[in-house]
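All remarks here apply to the structure that follows.
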Amino acid sequence: MPVTALHHFTIRCAPQELPLLLDFYTRVLRLEAGRRPEIPAPGAWLYAGGQPIVHLFAHLSTPDAPVQPVTGHVDHISFRSHGLREMRAHLGGLGVPFSEAPIPGWNIQQLFLHDPRGLKIEMTFWLDQEEAAAQVQKEGGAT
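Take a look at the structure:
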């Protein structure tokens, strides 16, 4: 199969929106800003585990720039996530509203929130992995 995983997604914004989006994706979702090629427009590449997975691209409008089609059909972006309890506390501490949605018949819990431009973000937690990580942490703390 040629497609094996999501590599990254790009969010196009106005230059004045860039600081707010950069703050959200680094402070709220805890991605890390990292290396970015020399692109003739402001932006940032945000990394998780060494992989740049979110690209922020501030589109500079110029009279000779070709008109880009609007790509507004994306409903949400999902991040595979770890640390459900800690993330609930983190979002609550920041005052970031979120909702939860268990998947009936699956051992998955989802958190939904929105970035500053309204893009819906899903954080998907595999509960069996959450339980295993909690057990390891519990055993590691008991000496």
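As numbered in full-length UniProt numbering, residues 1 to 143 make up the sequence shown, in order. Note that CB positions come from ideal geometry on N, CA and C, so glycine has one too.
- Contact check for HIS82 and ALA133: beta-carbon distance about 7 Å, within the 8 Å limit, so the pair qualifies.
- Between VAL28 and LEU84, the gap from beta carbon to beta carbon reaches 9 Å or more.
- When DSSP states are grouped into helix, strand and coil, LEU56 belongs to the strand group.
- Short of 7 Å from the beta carbon of LYS120, and not among the five residues preceding or following it, lie these beta carbons of its own chain, in chain order: ASP75, HIS76, PHE112 and HIS114.
- Taking the CA atoms as reference points, ALA101 sits about 16 Å from LEU91.
- Between ALA48 and PHE79, the C-beta spacing is below 9 Å.
- Counting only residues of its own chain and dropping the five nearest sequence neighbours on each side, ASN107 has a CB closer than 8 Å to the CB of TRP126, LEU127 and ASP128.
- A residue is called buried once 16 or more other Cβ atoms fall within 10 Å of its Cβ, and ALA58 is buried on that count.
- The C-alpha of PRO15 lies about 17 Å from the C-alpha of GLY118.
- VAL54 counts as buried, since at least 16 other C-beta atoms from the protein chains shown sit within 10 angstroms of its C-beta.
- Nearest to GLY43 by C-alpha distance, out of LEU31, CYS13, GLN109 and PHE24, is CYS13.
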